[in-house]
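When you line the sequence shown up against this note's numbering, it's residues 1 to 318, in that order. From the three backbone atoms N, C-alpha and C, an ideal C-beta is built for every residue, glycine too. Worksheet: one structure, shown below.
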Amino acid sequence: MRGQAKANTNIALIKYWGKRQKELNLPVTDSLSVTLDGLSTSVEAVFDKAAVHDSLRINGAIVEGAALQRLTQWLDGFRQAHQVKEFCLVNTQSNIPISAGLASSASSYAAIAGACLRAVAGDVSSENISRWARRGSGSASRSVFGGLVVWQAGEAADGSDSYATPLGAGEGIVVVAAVVSDKPKSISSREGMNRTVETSPLYPGWATTVSRDMAAARAAIKAGDLKLLFEVAEHNAFAMHATALAARPAVRYLQAGSFAIIDEVKRLRSEGALAYVTMDAGPNVKVLTTSDYADVVMERLTPISKKLFRCGVGEGLT
Ligand code: 2P0
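Set out below in structure tokens:
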């Protein structure tokens, strides 16, 4: 039994930061993302009668340890739900630069879920692929779709209503990722969000902020107002980092170099450019802009960035 799938990565405009249930990656709040063009992971999954254990190959190299353990745990749940006994050989090929601060787990688990469901001839609706992708990595639920995507938190204890749906084409959006540091981050997003939920006194305010921001973002998308959408996204990113900073010990991702980029984007804006920032669980800054301003953003950030990546809006799972 063999299946294949390919998925692009995504960047959250309204962040997923905190789980109500860890095992199934059920989030506290909804989140909103844009799928990026050209930064993808292709996966082939083979459920093999001859295999004596699960195996994971990433860009040609056999991977063991924590990544394999996480995959095996996911596969155990998948096998149980689909009455499959065979172990699985998962072969992933990704072109996402490790240094760019662009999560590869989002595209990986979206493609793994797609490849495995196709292999076992399961329910291959996008909604169901999104549910299984979520169990691998929360943000992966959104990479099943292209354009602008909402992952609805849902309420059910089994996660049946926690999956993503598309919200619009996101036409004209360009994301410029500015690399500040290519060192591995000190706190994983998984650990960072769990510590924030457990210890940050600001966490209840985070949930309130997200529901307001989601409503504002939906209205901006409906009106085709990218400026308003980016402004809400920037606010939401700062709110996420502020909530994480108040955890004990502090969950701090932004560095001096991050603020240099943030300041330059603010300056560009005061000169009339449409450019806002968003930051995830690391020091790198992603600039939300449009094709009209992407060149000037690239030009102005080149001297203060280690590297820049420019992406348009990507399609969903293929
Ligand atoms: C997001 N992040 O919405 C947020 C914003 C990072 C900051 O989703 O534990 O790798 O696998 O569900 O999806 C990164 O967290 O976490 C993330 P798990 P995931 O994109």
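Boundaries of the beta strand (DSSP E) in which residue i is found, first to last residue
| i | result |
| --- | --- |
| K19 | K19 to Q21 |
| V90 | F87 to S94 |
| G3 | R2 to I14 |
| T29 | Looking at the DSSP string, T29 is not in any beta strand (DSSP E), and its letter there is neither H nor E. |
| Y276 | A275 to M279 |
| F309 | K307 to C311 |
| A178 | I173 to V179 |
| G168 | A164 to G168 |
| L286 | Reading off the sequence, residue 286 comes out as Lys, not Leu. Taken as a continuous stretch (DSSP letters only), the beta strand (DSSP E) holding K286 covers V285 to T290. |
| V150 | L148 to W151 |
Residue span of the alpha helix (DSSP H) that contains residue i, given as start and end
| i | result |
| --- | --- |
| R248 | Here R248 belongs to no alpha helix (DSSP H), and DSSP marks it neither H nor E. |
| T302 | From DSSP, T302 is part of no alpha helix (DSSP H); its letter is neither H nor E. |
| K266 | A256 to S270 |
| E127 | S126 to G136 |
Any non-hydrogen atom of the ligand 2P0 closer than 6 angstroms to residue i Cβ
| i | result |
| --- | --- |
| S105 | yes |
| D30 | no |
| Y253 | no |
| K15 | yes |
| G312 | no |
| N25 | yes |
| A247 | no |
| A207 | no |
| A320 | What the structure shows of the chain is the stretch from 1 to 318, and residue 320 is not part of that stretch, so it cannot be assessed. |
| D213 | no |
| D280 | yes |
| S130 | no |
| R218 | no |
| R190 | yes |
| G147 | no |
| G138 | yes |
Of the listed residues the options, nearest to residue i (C-alpha basis)
| i | options | result |
| --- | --- | --- |
| G138 | T318, G159 and E86 | G159 |
| S107 | L24, N128, T35 and S55 | T35 |
| D263 | T278, Y253 and R20 | T278 |
| A250 | L102, L24, S270 and E191 | E191 |
| A178 | E299, R57, V285 and F47 | V285 |
| K185 | A157, Q21 and P283 | P283 |
| L167 | C88, A217, T289 and V84 | A217 |
| R70 | L24, N59 and G257 | L24 |
| T199 | A246, A242, G205 and K227 | A246 |
| M1 | R142, S188, P27 and R79 | R79 |
| G154 | T165, G147 and F145 | T165 |
| N91 | N128, L56 and R118 | L56 |
| G60 | T41, R131, W151 and E171 | T41 |
| A157 | R20, T289, G122 and S31 | R20 |
| W151 | R248, H241, V84 and S126 | S126 |
| L32 | H53, T302, F145 and E299 | F145 |
| G316 | M193, V149 and R252 | V149 |
| T290 | A244, E171 and F309 | E171 |
| Q93 | C116, S104, I187 and I304 | S104 |
| S141 | I62, K227, G114 and A294 | G114 |
| I96 | V84, G147, V296 and G38 | G38 |
| D280 | E271, Q4, Y16 and D295 | Y16 |
beta-carbon residue i near the ligand HEM non-hydrogen atom, thresh 6 angstroms
| i | result |
| --- | --- |
| S186 | With respect to small molecules bound, the structure shown includes the ligand 2P0 and not the ligand HEM. |
Which runs of the beta strand (DSSP E) fall wholly inside the region 36 to 116 and span at least 3 residues, in chain order? 55 to 58, 61 to 63 and 87 to 94
Output the residue ranges of the alpha helix (DSSP H) runs that lie fully inside the region 187 to 226 and measure 4 residues or longer, sorted by chain position. 189 to 199 and 203 to 222
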